[in-house]
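Okay, so here's the structure we're looking at.
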Amino acid sequence: QVQLVESGGGLVQAGGSLRLSCAASGRIFSFNDMGWYRQAPGKQRELVATITSGGSPNYADSVKGRFIISRDNSKNTVYLQMNSLKPEDTAVYYCTAKPQLLSRFWGQGTQVTVSS
7 QVQLVESGGG LVQAGGSLRL SCAASGRIFS FNDMGWYRQA PGKQRELVAT
57 ITSGGSPNYA DSVKGRFIIS RDNSKNTVYL QMNSLKPEDT AVYYCTAKPQ
107 LLSRFWGQGT QVTVSS
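Numbering-wise (the working numbering), the sequence shown opens with residue 7 and increments by one.
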(Lines of atoms letter the chains of each structure in order from A and count residues from 1; the text may use other names and numbers.)
(Lines give C-alpha, C1' and ligand atoms only; values in the text may rest on other atoms or scores of the structure.)
Protein backbone atom coordinates (compact mmCIF):
# COMPACT_ATOMS: atom_id res chain seq x y z
CA GLN A 1 0.00 0.00 0.00
CA VAL A 2 2.82 2.38 0.97
CA GLN A 3 6.53 2.01 0.38
CA LEU A 4 9.10 4.06 2.27
CA VAL A 5 12.55 4.12 0.72
CA GLU A 6 15.40 5.49 2.82
CA SER A 7 18.78 6.68 1.60
CA GLY A 8 21.79 8.54 2.89
CA GLY A 9 23.14 6.32 5.63
CA GLY A 10 26.79 5.37 5.91
CA LEU A 11 29.99 5.64 7.88
CA VAL A 12 31.18 8.99 9.20
CA GLN A 13 33.70 10.18 11.77
CA ALA A 14 32.58 11.78 15.01
CA GLY A 15 31.76 15.43 14.45
CA GLY A 16 30.74 14.82 10.87
CA SER A 17 27.39 15.13 9.13
CA LEU A 18 24.98 12.95 7.18
CA ARG A 19 21.65 13.62 5.52
CA LEU A 20 18.97 10.96 5.43
CA SER A 21 16.11 11.01 2.95
CA CYS A 22 12.90 8.99 2.86
CA ALA A 23 10.48 8.99 -0.03
CA ALA A 24 6.98 7.59 0.37
CA SER A 25 5.15 6.11 -2.59
CA GLY A 26 1.97 4.13 -3.09
CA ARG A 27 -1.74 4.74 -2.78
CA ILE A 28 -1.60 7.13 0.15
CA PHE A 29 -1.28 10.75 -0.90
CA SER A 30 -0.70 12.52 2.39
CA PHE A 31 0.57 11.80 5.88
CA ASN A 32 -0.21 13.38 9.21
CA ASP A 33 3.32 12.96 10.46
CA MET A 34 6.56 11.61 9.08
CA GLY A 35 9.81 11.06 10.84
CA TRP A 36 12.66 8.92 12.04
CA TYR A 37 13.28 6.38 14.75
CA ARG A 38 16.49 4.50 15.43
CA GLN A 39 17.56 1.24 17.01
CA ALA A 40 21.03 0.53 18.30
CA PRO A 41 22.24 -3.04 18.93
CA GLY A 42 20.70 -4.44 22.09
CA LYS A 43 18.43 -1.45 22.56
CA GLN A 44 14.80 -0.66 21.89
CA ARG A 45 13.72 1.44 18.94
CA GLU A 46 13.53 5.09 19.97
CA LEU A 47 12.19 8.32 18.58
CA VAL A 48 14.68 10.60 16.84
CA ALA A 49 12.44 13.25 15.27
CA THR A 50 9.03 13.65 13.70
CA ILE A 51 7.37 16.45 11.79
CA THR A 52 3.71 17.20 11.18
CA SER A 53 2.19 17.99 7.81
CA GLY A 54 2.18 21.60 8.92
CA GLY A 55 5.91 21.55 9.56
CA SER A 56 6.01 21.37 13.37
CA PRO A 57 9.01 19.30 14.48
CA ASN A 58 9.49 17.15 17.56
CA TYR A 59 12.97 16.01 18.63
CA ALA A 60 14.39 13.60 21.12
CA ASP A 61 16.40 15.44 23.76
CA SER A 62 19.53 13.58 22.69
CA VAL A 63 19.50 15.14 19.21
CA LYS A 64 18.14 18.63 19.87
CA GLY A 65 20.44 21.28 18.48
CA ARG A 66 22.27 18.77 16.27
CA PHE A 67 19.63 17.24 13.99
CA ILE A 68 17.14 19.04 11.75
CA ILE A 69 14.05 17.38 10.32
CA SER A 70 12.21 18.73 7.29
CA ARG A 71 9.71 17.50 4.75
CA ASP A 72 8.48 18.22 1.25
CA ASN A 73 4.75 17.47 1.19
CA SER A 74 4.58 17.72 -2.60
CA LYS A 75 7.03 14.82 -2.82
CA ASN A 76 5.95 12.96 0.34
CA THR A 77 9.59 13.04 1.36
CA VAL A 78 11.13 13.60 4.78
CA TYR A 79 14.74 14.51 5.47
CA LEU A 80 16.99 14.33 8.51
CA GLN A 81 20.09 16.50 8.55
CA MET A 82 22.42 15.09 11.19
CA ASN A 83 25.27 17.31 12.36
CA SER A 84 27.91 16.95 15.06
CA LEU A 85 27.43 13.22 15.01
CA LYS A 86 28.56 11.16 18.00
CA PRO A 87 29.43 7.47 18.29
CA GLU A 88 26.26 7.01 20.34
CA ASP A 89 24.23 8.03 17.28
CA THR A 90 25.26 4.75 15.66
CA ALA A 91 22.10 2.79 14.88
CA VAL A 92 19.76 1.64 12.17
CA TYR A 93 17.55 4.59 11.31
CA TYR A 94 13.96 3.86 10.30
CA CYS A 95 11.71 6.18 8.37
CA THR A 96 8.07 6.26 9.45
CA ALA A 97 4.90 7.81 8.05
CA LYS A 98 1.41 7.94 9.57
CA PRO A 99 -1.56 8.45 7.25
CA GLN A 100 -4.83 9.71 8.70
CA LEU A 101 -7.06 6.86 9.96
CA LEU A 102 -4.50 4.19 9.06
CA SER A 103 -1.65 2.45 10.87
CA ARG A 104 1.89 3.76 10.77
CA PHE A 105 4.18 2.57 7.99
CA TRP A 106 7.89 1.82 8.37
CA GLY A 107 10.85 1.71 6.03
CA GLN A 108 13.46 -1.05 5.93
CA GLY A 109 16.06 1.01 7.75
CA THR A 110 19.42 2.49 6.87
CA GLN A 111 22.61 2.00 8.86
CA VAL A 112 24.40 4.99 10.33
CA THR A 113 27.79 4.32 11.87
CA VAL A 114 29.79 7.03 13.63
CA SER A 115 33.40 6.21 14.38
CA SER A 116 35.30 7.78 17.24
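Where is the CB? At the ideal position from N, CA and C, for every residue including glycine.
Only a predicted model underlies this, so the values are computations on that prediction, with no experimental measurement involved.
Between residue i and residue j, is the Cβ-Cβ spacing less than 9 Å?
i: Ile34; j: Pro93; result: no
i: Ser59; j: Arg44; result: no
i: Asn82; j: Ala55; result: no
i: Tyr99; j: Leu26; result: yes
i: Thr119; j: Leu10; result: no
i: Ser23; j: Ser90; result: yes
Alpha carbon to alpha carbon, how far is residue j from residue i? Give it in angstroms, no decimals.
i: Val69; j: Ser109; result: 26 Å
i: Phe111; j: Gly21; result: 31 Å
i: Val84; j: Gly48; result: 27 Å
i: Gly41; j: Asp67; result: 15 Å
i: Ala30; j: Ser122; result: 33 Å
i: Asn38; j: Leu107; result: 9 Å
Terminal residues of the continuous beta strand (DSSP E) containing residue i?
i: Ala29; result: 24 to 32
Per DSSP, what kind of secondary structure is residue i in: helix, strand or coil?
i: Gln19; result: strand
i: Ser122; result: coil
i: Gln7; result: coil
i: Arg36; result: Going by the sequence as given, residue 36 is Ser instead of Arg. Coil at Ser36, not helix or strand.
Exercise for the section: Could you pull out every unbroken beta strand (DSSP E) segment of at least 3 residues lying fully inside the stretch 40 to 116, listed in chain order? Expected result: Listed in chain order, they are 52 to 58, 63 to 65, 73 to 78, 83 to 88, 97 to 104.
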